[in-house]
Each structure stands twice: as C-alpha cells, then as structure tokens.
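The next block holds one structure in the form of structure tokens; read it before the comments.
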Amino acid sequence: MNCLLYSGDCLDVMPSLPPGSVDLVLCDPPYGTIKGLTLDTWDKGTTVWDDALNPEDIFTQCERLLRVGGALVMFSKEPYTSRMITQAEKNLPFLYRMVWKKEHFANPFSVKKAPASFFEDIVVFRKKYDSEKRNPLREYAGRILSFTGHRTDKEVNKTLGHHRAEHFFRVNTTQFSPCSQDTYNELITRFGIDRMPGFMTYEEMCKVNSGYGTVVFNLPKGKKYRSDVLEYARERERWHPTQKPVALLEELIQTYSNPGDRVLDFTMGSGSTGVACIRTGRRFTGIEKDDRYFAVAKKRLEKENSEMVVI
Numbered sequence: 000m001n002c003l004l005y006s007g008d009c010l011d012v013m014p015s016l017p018p019g020s021v022d023l024v025l026c027d028p029p030y031g032t033i034k035g036l037t038l039d040t041w042d043k044g045t046t047v048w049d050d051a052l053n054p055e056d057i058f059t060q061c062e063r064l065l066r067v068g069g070a071l072v073m074f075s076k077e078p079y080t081s082r083m084i085t086q087a088e089k090n091l092p093f094l095y096r097m098v099w100k101k102e103h104f105a106n107p108f109s110v111k112k113a114p115a116s117f118f119e120d121i122v123v124f125r126k127k128y129d130s131e132k133r134n135p136l137r138e139y140a141g142r143i144l145s146f147t148g149h150r151t152d153k154e155v156n157k158t159l160g161h162h163r164a165e166h167f168f169r170v171n172t173t174q175f176s177p178c179s180q181d182t183y184n185e186l187i188t189r190f191g192i193d194r195m196p197g198f199m200t201y202e203e204m205c206k207v208n209s210g211y212g213t214v215v216f217n218l219p220k221g222k223k224y225r226s227d228v229l230e231y232a233r234e235r236e237r238w239h240p241t242q243k244p245v246a247l248l249e250e251l252i253q254t255y256s257n258p259g260d261r262v263l264d265f266t267m268g269s270g271s272t273g274v275a276c277i278r279t280g281r282r283f284t285g286i287e288k289d290d291r292y293f294a295v296a297k298k299r300l301e302k303e304n305s306e307m308v309v310i
C-alpha cells in the first residue's frame, strides 16, 4: 500500500510495526516550546499537543524500525535539539545538523526578549548495525564457519593469523559485516569453501548484500554538493501551526531515500510528509493522535489520489 495511516499515540503504535521495515524516518515532533501560547487566529486547543517527547523513547523505537543504513531526520529547536544530540542511541548516532531558513521569523512571543529566529534545526542520525539480525548473509557466513571446522570467529583468527575475517563470522552480534574480496579468496584457498554446497562467488555475495544496509545520500540533479542551509518560504495554505513546506520535505525525502522506499512520520500532524512521499514516489506510514489533524491528513492524502489503509 502507498499509505498506512494510524490514529493513535506514536509510542503505542510504533512497537506494533515490523522491525527493520522503514528506510527513512522523517518527522517534526513537538519541541515543547509553544504550548499554552495564543495568537488571534488560534483557539485553546491549537497548541495542546505540544508536549516534547522523551528522546530515549524516540531513539528506542526508531532504532528498531529503521533498516541498517536508514536515516532519522528530525526538525527541532533548542533546547530540544541538544537533548536529541546528547541522548542519541549508540546504534543511531548523531551525524550532523542542517537548518531550514525561513522568509520570516517564527515566534512573535519572544522578539522583545531575544533575537528573532529565522531558522529551525534539522538533525540527522543514521542506524549503524544490524541489531535485528536481518542480513541474509548471516546464515551463509554461519554455514561457512561450520564448513571450516571452527566454532567461533576467534578460532578462525588463530588459524589465519589475523583478524580480517572476524566480523564476517560474528553472525550473532550487531557487528556482523561481509569480509573483503581478498579475505574471501583466502577463505577459499585455505579452507576450500568453494566446494561447500550453496557456495557463492564474491560477486554473488555482494549482490545479496547490496540491497541491505545501503546508505542513501542523493545529490540534486546536476549538482556536486548539497547545502546544509535549506531556504523555503512557509506555505500560505496552513492546517497546522508548525506545518512544514511540502517542497522542503520533498527535498529531504529525495536526499535520504529512493523511489519505492518506506518513509515513517510518527507525528504526522496535517500530513505534509505523506503528501511529499506520494509526489516523490515513496510509500508512507503516518501516525497521529490528534483526531482533528488526523482527519485533515487523511483528506489531504485522499486528494493526492493515494492508495490508503487507515488503522
């Protein structure tokens, strides 16, 4: 399905989703900076949702749901940004920060107390290891280990006199990874693994691994780099007080995922990430607990003629 929409609290819904099933998490969680504030166009319920999520809860769920190499890209604002960076999960470390530069400052409540802010942070994290042990080469490496007559990677290290095959035989740990071609050739020469039933050439093994753990960072067409400053004006038609421009979300989606990938927004609000996914050919999973915004998101995605399942 193109779109899966869940009505509920993200911390209740995410544990029910399949591990390793998401290529990119792109979201704009509540920062806890505007709850209780009011403008002429806002009612009492406009910012009731703005309770900052515990970073530990976010990282625990996103680390489980992301495939190896998948990115977590989040909008944020200080002091919440620092909390996210300092509390990052070991297997989902902080990589770098970008900024969304707006055409106008965002928060009119603080302009008499502090400089007007024309930007928001975009923080990027990436999953490093196969914590769910889903790489199909694990089973193959285990069969090679048995064929050589060894029981552990340490025994292989001792026989070979080096540690270059060590991670290839750590089949039950998060540190598993394929070995180099030179090391694989040494295993063939030393142990005759090419006589093993089901043997794969190194090229065949790389092909199996190529669809697993790929790090995606796509550059704009015709350009040699991507700036860490993203300049986009806010949209005139607005359904949510912190709504992000669809064009900005499209750029992030095209940078950190490929067509057909699954993108998760666990605080989807009015559904802008879903709209951007449909327009860029990605599959979308969205979660929202506010009934009003969920209804808006559903209507917007229906307008995009998406194939949708509502749960």
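Under our numbering, the sequence shown has 23 at position 24, and the numbering climbs by one with no breaks.
All C-beta atoms, glycine included, are put in the ideal place defined by N, C-alpha and C.
With a minimum length of 3 residues, the unbroken runs of beta strand (DSSP E) contained wholly in the segment 50-110 fall at 65-75 and 93-100.
In this structure, the straight-line span from the alpha carbon of Cys-205 to that of Ser-130 is close to 20 Å. Straight-line spacing of the CA atoms in Tyr-201 and Tyr-255 works out to 28 Å. In the DSSP assignment, Gly-285 falls outside any alpha helix (DSSP H) and lies within the beta strand (DSSP E) extending over 282-287. Along the length of the segment 129-175, whole alpha helix (DSSP H) runs at least 4 residues long occupy 136-146 and 152-159, reported in chain order. In this structure Phe-216 is exposed. Its beta-carbon is surrounded by fewer than 16 other beta-carbon atoms within 10 angstroms.
Bridge partners of Val-24 according to DSSP: Leu-71 and Leu-263. The shortest C-alpha to C-alpha distance from Ala-232 to any of Pro-244, Pro-240 and Phe-124 is the one to Pro-244. Cβ-Cβ distances below 7 Å link Ser-269 to Trp-238, His-239, Gln-242, Tyr-292, Val-295, Ala-296 and Arg-299 in the same chain, with the five nearest sequence neighbours on each side left out; the list follows chain order.
Under DSSP, Tyr-5 forms a beta bridge with Ile-286.
Counting only the Cα atoms, Lys-127 lies some 29 Å from Phe-146. Residue state for Asp-120 is assigned as strand, using DSSP reduced to three classes. The Cβ-Cβ distance between Val-24 and Val-67 does not fall below 8 Å. In the structure shown, the three-state DSSP call for Leu-16 is coil.
With 16 or more other CB atoms across the displayed protein chains lying within 10 angstroms of its CB, Gln-60 is buried. Note: Val-309 is bridge-paired with Leu-4 in the DSSP secondary-structure output.
Taking each of Lys-302, Asp-264 and Ser-75 in turn and checking the Cα distance to Ile-286, the smallest one comes out for Asp-264.
For Leu-247, the enclosing alpha helix (DSSP H) begins and ends at 245-255. Arg-137 and Ala-87 have their C-alpha atoms some 27 Å from each other. About 5 Å separates the Cβ atoms of Arg-281 and Val-262, confirming a contact at the 8 Å cut-off. Within a 10 Å sphere around the beta-carbon of Val-122 sit 16 or more other beta-carbons, which makes this residue buried.
DSSP, reduced to helix, strand and coil, places Leu-218 outside both helices and strands of the structure shown, so it counts as coil. In summary, Pro-177 is buried, with 16 or more beta-carbon neighbours lying within 10 Å of its beta-carbon over all protein chains present.
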